[in-house]
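Written below as structure tokens is the structure these notes are about.
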Amino acid sequence: AKGDLPVVDPLRMMAKEMKFLTGNIRKLLGSGHPSLDRAAKYYTRAEGKHVRPLIVLLMARATSQCPKMPQLLQATQQASSAIDTPLSPLSILSDFNPSAGAENEAASSTDSDILPSQRRLAEITELIHTASLLHDDVIDHSVSRRGSPSANLEFGNKMAVLAGDFLLGRASVALARLRHAEVVELLATVIANLVEGEFMQLKNTARDEANPRWSEEALTYYLQKTYLKTASLISKSCRASALLGGADAQTVEAAYLYGKNLGLAFQLVDDMLDYTRSAHELGKPAGADLELGLATAPLLFAWKTMPELGALVGRKFEKDGDVARARDLVMQSDGIEQTRALAEDYVQQAIAAISSFPDSEAKDGLVEMAVKTLQRQK
Ligand code: FPP
Ligand code: MG
Ligand code: MG
-10 AKGDLPVVDP LRMMAKEMKF LTGNIRKLLG SGHPSLDRAA KYYTRAEGKH VRPLIVLLMA
50 RATSQCPKMP QLLQATQQAS SAIDTPLSPL SILSDFNPSA GAENEAASST DSDILPSQRR
110 LAEITELIHT ASLLHDDVID HSVSRRGSPS ANLEFGNKMA VLAGDFLLGR ASVALARLRH
170 AEVVELLATV IANLVEGEFM QLKNTARDEA NPRWSEEALT YYLQKTYLKT ASLISKSCRA
230 SALLGGADAQ TVEAAYLYGK NLGLAFQLVD DMLDYTRSAH ELGKPAGADL ELGLATAPLL
290 FAWKTMPELG ALVGRKFEKD GDVARARDLV MQSDGIEQTR ALAEDYVQQA IAAISSFPDS
350 EAKDGLVEMA VKTLQRQK
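Its first residue numbered -10, the sequence shown is counted upward by one per residue in my numbering.
Given below as structure tokens:
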């Protein structure tokens, strides 16, 4: 309606860019080995939400009008045209068809304010995310993802792990071809951070105790883990997007802070939905975190007022009835509301981080992505 805030739909705004995303990703994943080819591309069939590439593209466009770093520095960091050359056969099995990209000309050469290197970064970000899902579903013994059987269920653990490794390998090749050392370093750090986050998650608290008492430290540990496991990828790819566009240091830092706060909010909401939604609604198992022995934000907040949760945390909800009891206590507490409030806080910080960007549709899109993070149901 007239007078209302303009309604921005980030996905529609980027429709032209997003249209080729899955196709381009599948092209990066081609292997001459039929079953590797199938396993590697498996999670690219059922369309994911593509949150990360969408944010990378919005950030590319939103920072295109921001101040640039000095020309001299930019020249030394410039991404090369190597990104568009087809991957050379990396092994006798890697079937890379050099002409396969031809029909996608529109996706790689447009007038737009988004550079080919930034578009490729969006694809790399999704590749790393998808690799982490392949590994995660093995670690979590998950049987479904995006409403279909998980890759580990479909192909077995060995193939699922190897497929994830293959994705990381191909993501690395594509990354190297950006010829931008700082961006390579950022995304390589993300891969290490994902593993560090997953390792931290193997323990609920910094110290291993049978009956831990609540302390602020448990929350700090959880947030650090959450940064590594989720926010690192989003924040560092936002930073990389701004860098590839030649943005100045202040803009690059703002992009990073947007991604960091959005990533933290995103995982807090994820951990909340694990308590509040059904498996049917999520397209993946619900209530899974307690089953996996994980104490996430809703429980950590509940624990503050319900000390009896300490013993359950200490034994990772392993005793019969622990999961149900912990769940009941969390639902009786204000843990869910506190988790939502903290997520809201991060969303506000994400929006504040980019407030100095010049007004643009893409900036509105980034704000909308932050707002939507709180509203999502799956
Ligand atoms: C999903 O979390 C998983 C992650 C965000 C990261 C997982 C990271 C690894 C398995 C480390 C190794 C990976 C790589 C690529 C080196 P979740 O289990 O809370 O979410 P879910 O409910 O969607 O399964
Ligand atoms: Mg999982
Ligand atoms: Mg997991």
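Note that beta-carbon positions come from the ideal geometry of N, C-alpha and C, so glycine has one too.
Next item on the list: Tell me whether residue 277 counts as near ligand 2, meaning its Cβ is closer than 8 Å to at least one heavy atom of that ligand.
Entry: yes
Checklist line | residue 131, DSSP secondary structure in three states | finding: In the structure shown, residue 131 sits in coil (DSSP, three-state: anything other than H, G, I, E or B).
Next item on the list: Answer yes or no: do residue 207 and residue 195 have a C-beta to C-beta separation smaller than 9 Å?
Entry: yes
Notebook entry, point to check: Are the segment 216 to 231 and the segment 177 to 195 touching, with three or more C-beta to C-beta distances below 8 Å?
Noted result: yes
Notebook entry, point to check: What is the DSSP secondary structure of residue 347, counted as helix, strand or coil?
Noted result: coil
Check: Considering residue 141, what are the terminal residues of the alpha helix (DSSP H) in which it resides?
Finding: 140 to 144
Check: Which value, in whole angstroms, describes the spacing of the CA atoms of residue 237 and residue 335?
Finding: 24 Å
Notebook entry, point to check: Helix or strand or just coil, what does DSSP make of residue 236?
Noted result: strand
Next item on the list: On a CA-only basis, which of 367, 131 and 44 is nearest residue 352? Give me that one, please.
Entry: 44
Notebook entry, point to check: Going by the C-beta, is residue 129 closer than 8 Å to any heavy atom of ligand 2?
Noted result: yes
Item checked: Those residues which DSSP pairs with residue 57 across a bridge -> Note: residue 57 is bridge-paired with 236 in the DSSP secondary-structure output.
Check: With which residues is residue 137 paired in a DSSP beta bridge?
Finding: Beta-bridge pairing links residue 137 to 134.
Next item on the list: Return the chain-ordered list of same chain residues with a C-beta closer than 8 Å to the C-beta of residue 363, the five sequence neighbours on each side being excluded.
Entry: 254, 258, 329, 332, 333 and 336
Next item on the list: Express the C-alpha separation of residue 366 and residue 117 in angstroms, rounding to a whole number.
Entry: 24 Å
Next item on the list: Count the C-beta pairs between the segment 280 to 299 and the segment 314 to 327 that are closer than 8 Å, then say yes if the count reaches three, no if not.
Entry: yes
Checklist line | Short Cβ contact (9 Å threshold) for residue 120 with residue 160 | finding: yes
Margin query: Let's see if you can read the secondary structure: which residues bound the alpha helix (DSSP H) around residue 336?
Written below: 324 to 342
Check: Which of helix, strand or coil does DSSP assign to residue 37?
Finding: coil
Margin query: For a quick check, are the C-beta atoms of residue 166 and residue 109 less than 9 Å apart?
Written below: yes
Checklist line | Close Cβ partners of residue 157 (< 6 Å) along its chain, the five nearest in sequence each way excluded | finding: 120
Margin query: Can you list, in chain order, the residues of its chain with a C-beta nearer than 7 Å to that of residue 53? Leave out the 5 residues immediately preceding and following it.
Written below: Answer for residue 53: 102 and 234, listed in chain order.
Item checked: Residue burial classification, residue 87 (beta-carbon count within 10 angstroms, cutoff 16) -> Summary for residue 87: the model assigns pLDDT 34, below 50, so the residue's position carries little reliability; its value from the coordinates is reported in the next sentence. Classification for residue 87: exposed.
Check: From residue 51 to residue 173, what does the alpha carbon distance come to, in whole angstroms?
Finding: 22 Å
Check: Just to confirm, does residue 237 get its C-beta within under 8 Å of one of the non-hydrogen atoms of ligand 3?
Finding: no
Margin query: Nearest by alpha-carbon distance to residue 264: which of 153, 308, 315 and 251 is it?
Written below: 315
Margin query: If you follow the alpha helix (DSSP H) that residue 307 is in, where does it begin and where does it stop?
Written below: First-last for residue 307: undefined, no H or E at that position.
Margin query: Using a Cβ-Cβ cutoff of less than 6 Å, which residues in the same chain neighbour residue -3 once the five nearest sequence positions on both sides are dropped?
Written below: Excluding sequence neighbours, residue -3 sits near 353, 354 and 357.
Notebook entry, point to check: Taking just the CA atoms, how far does residue 47 sit from residue 375?
Noted result: In the structure as shown, the chain starts at -10 and stops at 367, and residue 375 therefore has no counterpart that could be examined.
Notebook entry, point to check: Touch check for the segment 15 to 31 and the segment 133 to 148: three-plus C-beta pairs under 8 Å?
Noted result: With the rule of 3 Cβ pairs closer than 8 Å, the segment 15 to 31 counts as touching the segment 133 to 148.
Checklist line | Simplified DSSP assignment, three categories, for residue 206 | finding: Residue 206: helix per DSSP, three-state reduction.
Note to self: Taking 6 Å as the limit between beta carbons, can you name the residues of its chain near residue 149, skipping five residues before and five after?
What the structure shows: Excluding sequence neighbours, residue 149 sits near 123, 127, 140 and 141.
Margin query: My assumption, with CB atoms under 8 Å, is that residue 279 sits in contact with residue 298. Please give the rounded CB distance.
Written below: Incorrect: roughly 11 Å between the Cβ atoms, too far for contact.
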